[in-house]
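In our numbering, the protein residues as written are 48 to 128. Idealized CB from N, CA, C, for every residue including glycine. Computed from a predicted model, the values in this text were never measured in an experiment. Take a look at the structure below.
Pasting the structure below:
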């Protein structure tokens, strides 16, 4: 749905799909890290979520780190709510 919405709003946008190997944090972080490290996008849209109570302090810190690295590169991260 995100891809369809982006295409409707910005039909000339270069859309890159970067899927994770699974829905587990390690794989999601790996995929996000590849986007940041390769500077593959200016905007990252995500349509997944989890209960905050399911996240560990370590996983929250890992996500925070990748988002901060991306922000330094000018990459915006947008998640569904």
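Nearest-angstrom beta carbon gap, residue j and residue i [assumed within contact, 8 Å]
i: residue 126; j: residue 93; result: 5 Å
i: residue 88; j: residue 113; result: Contact flag wrong, Cβ pair sits at about 13 Å.
i: residue 83; j: residue 117; result: 5 Å
For residue j and residue i, the rounded distance between their alpha carbons
i: residue 106; j: residue 58; result: 35 Å
i: residue 68; j: residue 95; result: 14 Å
i: residue 146; j: residue 110; result: One cannot answer for residue 146 here, as it falls past the ends of the chain, which runs 48 to 128.
i: residue 71; j: residue 56; result: 30 Å
i: residue 79; j: residue 90; result: 11 Å
i: residue 85; j: residue 104; result: 27 Å
Segments of 4+ residues assigned as alpha helix (DSSP H) that fall wholly inside the stretch 58-110: With a minimum length of 4 residues, the unbroken runs of alpha helix (DSSP H) contained wholly in the stretch 58-110 fall at 72-85.
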